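In the working numbering, the protein residues as written are 256 to 475.
Quick reminder that beta carbons are idealized off the backbone N, C-alpha and C, glycines included.
Computed from a prediction, not measured in an experiment: that's the story for all the values here.
Okay, so here's the structure we're looking at.
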């Protein structure tokens, strides 16, 4: 049986745990998770993407990226020949970024984000107001396992300063209509998941798995 390998890149600061609800027929579509590496000094996103791409050994594969991982797989495509590139809860160009991130790029406000505090996310629970915030913080604590400050500072800067002006028409985009990080009104040409938030890779895994299976059956 010919296999199509599925390479998954998680969101910013996220680890392999975010993909635990993604289920595909393993004998036909083996899953591989490309976890984040610590960036080298002054490394560009293109240089980093080339290093990420060098970890792919198979010839027959698709790339799937979530959030900032979606940006990364688009950059990785320059060094690879995937059957398809799929992004989830992400953006295809800087034009799909929300106004607050565009403003952060102009003002460089992203440099004020205290990423050193992320290493103690659980400490934020004492500041939580209401159960929804506490639940969100528990999610962060469980799934945002990459706490290295060098990586976080670099990744936030790359996300905010991403230079891609024109979206590729070949990218398949899966997006939730309740995404608060990348609001749906800024997103063009996406497969919509009703009720999907920015963390739908976690809580709508079955729907996303079905979307991926449909894509693989068409392009794999």
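For residue 361, the uninterrupted alpha helix (DSSP H) run begins and ends at 354 to 362, by DSSP. Taking every protein chain shown into account, the CB of residue 457 has 16 or more other CB atoms within 10 angstroms, so this residue is buried.
Distance from the CA atom of residue 428 to the CA atom of residue 296, rounded to whole angstroms, is 31 Å. According to DSSP, residue 341 shares a beta bridge with 319 and 427.
Looking at the DSSP output, residue 447 bridges to 430. Residue 333 counts as exposed, since fewer than 16 other beta carbons sit within 10 angstroms of its beta carbon. For residue 470, the enclosing alpha helix (DSSP H) covers residues 460 to 474. Relative to residue 409, the option among 313, 323 and 288 whose CA is nearest is 323.
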